[in-house]
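Mapping of the sequence shown onto my numbering: position 111 corresponds to residue 111, and the numbering continues sequentially without gaps. Beta carbons are placed, not taken as given, at the ideal position from N, Cα and C, and that holds for glycine. Below is one structure, written out as structure tokens; comments come after it.
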Amino acid sequence: MKDLMNKIYKDNDLDKSAGDVYKDKRGFSIITRSGIEKIQAKNEISVSFEVIKAELDNCIIKATSLIREGDEWIPKMETFGSATKDNCRLSFRIEIAEKRALARVIIKTMNYTETLGEDEISHQKKGKFDDDLEVIKNL
1 MKDLMNKIYK DNDLDKSAGD VYKDKRGFSI ITRSGIEKIQ AKNEISVSFE
51 VIKAELDNCI IKATSLIREG DEWIPKMETF GSATKDNCRL SFRIEIAEKR
101 ALARVIIKTM NYTETLGEDE ISHQKKGKFD DDLEVIKNL
């Protein structure tokens, strides 16, 4: 894990003091929004989004990463981000679903195992979000 994080830092010009990545006390690393955007820019990854569902209590966004090969953009990875009343405490769910989809597609495109985007977990100490890690591992 330490070797992977060192590689992520070095390859993408991330800065811990800028808050690009941090280690969660539950044993996994979290890449913040600034870190995701730096990785995306450094690796010239384009992302397209498609709204799958946009309802008050359930929003799903599909994100597709595209990598340049010569003069063409080739789809590389596809994944989803969701925000429901059960997994999101905020009322602007479509934006959270988009942030989650972006983080997931960048992490998957780069094949960064055992890292999560900060919007995929909750920071709530007690309550129904305590088992985030187990839920995410089973996605």
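When only Cα atoms are considered, R93 and K85 end up about 8 Å apart. The C-beta distance from S65 to V105 rounds to 5 Å, short enough to fall under 8 Å. By the criterion of a C-beta distance shorter than 7 Å, K76 is surrounded in its chain by S65, L66, I67, T109, once the five residues flanking it on both sides are discounted. In the structure shown, L66 falls within a strand segment according to DSSP collapsed to helix, strand and coil. According to the DSSP secondary-structure assignment, F80 is paired through a beta bridge with K62. In the DSSP assignment, the residues bridged to I74 are I67. With a threshold of 16 other beta carbon atoms within 10 Å, N12 meets it and is buried. Leaving aside the five residues that flank A97 on each side, the residues in its chain whose CB is nearer than 7 Å to its CB run, in chain order, C59, I60, I61, G81, S82, A83.
Cα atoms of C88 and K10: separation of roughly 32 Å, rounded to the nearest angstrom. Taking a contact as a CB-CB distance under 8 Å, the pair F49 and A101 counts as one, their CB atoms being some 7 Å apart.
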